[in-house]
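Reading through the structure tokens given below for one structure.
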Amino acid sequence: MNMTTETIDRVAFSFGPFTVYWYGIIIGVAMLLAISLASKEGKKRGFEEDTLIDMALWAIPIGLIGARIYYVLFEWDYYIQNPLEIIAIWNGGIAIYGGLIAGGLTVYWYAKKKEIPVALMLDVLAPYVLLAQAIGRWGNFINQEAHGGEVTRTFLENLYLPDFIINQMQINGVYYHPTFLYESLWSLLGFGLIIFIRNRKGLLRQGEVALSYVIWYSVGRFFIEGMRTDSLWIGDLLRVSQGLSLLLFIGAIGIWIYRRRDYPAKSYYLEGWRLKKEK
707 MNMTTETIDR VAFSFGPFTV YWYGIIIGVA MLLAISLASK EGKKRGFEED TLIDMALWAI
767 PIGLIGARIY YVLFEWDYYI QNPLEIIAIW NGGIAIYGGL IAGGLTVYWY AKKKEIPVAL
827 MLDVLAPYVL LAQAIGRWGN FINQEAHGGE VTRTFLENLY LPDFIINQMQ INGVYYHPTF
887 LYESLWSLLG FGLIIFIRNR KGLLRQGEVA LSYVIWYSVG RFFIEGMRTD SLWIGDLLRV
947 SQGLSLLLFI GAIGIWIYRR RDYPAKSYYL EGWRLKKEK
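So the mapping is simple: my numbering equals the position in the sequence shown, first residue as 1, plus 706.
So this is what it looks like as structure tokens:
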């Protein structure tokens, strides 16, 4: 049995005073892939070629700021004592829900500005955001963060994980649940399922691809969050991400039911936007 415990260096490379981390590279690649795929899908649904790229120039930086603000607010006791650390994002501390909220509001604003159906814009983006999340969790893997509670090496080996994952899950001599992997696989599975069902003619209306994303991700995040050791908390009673996941799940189901009351009035996803109007 290979018992090596060599871990992956979180630094990809350095040049002069600058250090480039694998986390940043992985997140950057995930975002670029998501925007590239969403742009191709957007063209099929009637968007102009650069619409989603222009939108991303707003949504990505605002989303990152939102992710940081969200994290800082729920760790305010620390940051009020260390205000200079608020901008030190390179030391870690961003929350994906904060990024999704800020990014989602930016998409809403941009779609309204361009007079594009908000529901359709969110539908085009949603599966690829989920794909980006699946990839981005590997940045947490490199940083040895977003993990669960203690386990044994035998437990990890019984999951048939490769050595490089098992080794990276050893931190200061202790092995931990690879919750980053659980969420990555859940997101990847959801991406595949949503892509499959959205292309079924007469199945999903505009807005329901995005609602499918919210429902799928919130279910997985609720249970996986319960395993993590680094959760943000409201007092000592509630994990923030679990509470928000539950609210999003209930809200998405409610919106879906409400929007279906006028069946079959609303446009279907595959009907697109400009393509429909030109017929």
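Note that the Cβ used here is the ideal one computed from N, Cα and C, for glycine as well. Predicted model only: the values in this text are computed from it and were never measured.
{"Query": "First and last residue of the uninterrupted beta strand (DSSP E) at Thr725", "Result": "Phe724 to Tyr727"}
{"Query": "Contacts around Arg716, its chain only, beta-carbon distance under 7 Å, and the 5 residues preceding and following it disregarded", "Result": "Tyr727, Trp728, Tyr729, Ile848 and Asn849"}
{"Query": "Same chain only: Cβ atoms within 8 Å of Val880, ignoring 5 sequence neighbours per side", "Result": "Glu856"}
{"Query": "Alpha-carbon to alpha-carbon, Trp892 and Gly854", "Result": "16 Å"}
{"Query": "Proximity below 8 Å, CB of Ala817 to CB of Met827", "Result": "yes"}
{"Query": "For Gly772, the nearest candidate out of Thr713, Ile793, Leu953 and Ile732 (CA to CA)", "Result": "Ile793"}
{"Query": "Cβ neighbour criterion (16 or more within 10 Å) applied to Leu738", "Result": "exposed"}
{"Query": "Residue span of the beta strand (DSSP E) that contains Ala838, given as start and end", "Result": "Careful: Ala838 lies outside any beta strand (DSSP E), inside the alpha helix (DSSP H) at Val824 to Asn849."}
{"Query": "For Trp764, the nearest candidate out of Lys819, Ile714 and Trp782 (CA to CA)", "Result": "Lys819"}
{"Query": "Closest residue to Val735 among Arg843, Trp782 and Thr725 (Cα-Cα distance)", "Result": "Arg843"}
{"Query": "Ala718 (DSSP reduced to helix, strand or coil)", "Result": "strand"}
{"Query": "Cβ-Cβ distance between Asp936 and Glu851 below 8 Å", "Result": "yes"}
{"Query": "Inter-residue Cα distance where the pair is Gly769 and Gly845", "Result": "17 Å"}
{"Query": "Sub-8 Å separation of Gln912 and Glu931 beta-carbons", "Result": "no"}
{"Query": "Candidates Thr725, Lys749, Ala740 and Trp939: closest to Ile822 by CA position", "Result": "Lys749"}
{"Query": "Status (buried if at least 16 other CB within 10 Å, exposed otherwise) for Trp979", "Result": "buried"}
{"Query": "Any non-hydrogen atom of the ligand PLP closer than 7 Å to Leu779 Cβ", "Result": "Annotation note on the ligand PLP: not contained in the displayed structure, which lists no ligands."}
{"Query": "Closest residue to Gln876 among Phe861, Ser890 and Ser742 (Cα-Cα distance)", "Result": "Phe861"}
{"Query": "Expected contact under 8 Å - CB spacing of Asp829 and Tyr974 to nearest Å", "Result": "At roughly 10 Å, the Cβ-Cβ gap does not stay under 8 Å, so Asp829 and Tyr974 are not in contact."}
{"Query": "Residue from Asn788, Phe780, Tyr784 and Ser745 with nearest C-alpha to Tyr803", "Result": "Phe780"}
{"Query": "Pair within 8 Å by beta-carbon distance, Ser745 and Ile766", "Result": "no"}
{"Query": "DSSP three-state assignment for Tyr776, whether helix, strand or coil", "Result": "helix"}
{"Query": "Anticipated Cβ contact below 8 Å, Ile900 with Leu836, distance rounded", "Result": "7 Å"}
{"Query": "Bridge partners - Glu889, DSSP secondary structure assignment", "Result": "Glu889 pairs with nothing; no bridge assigned."}
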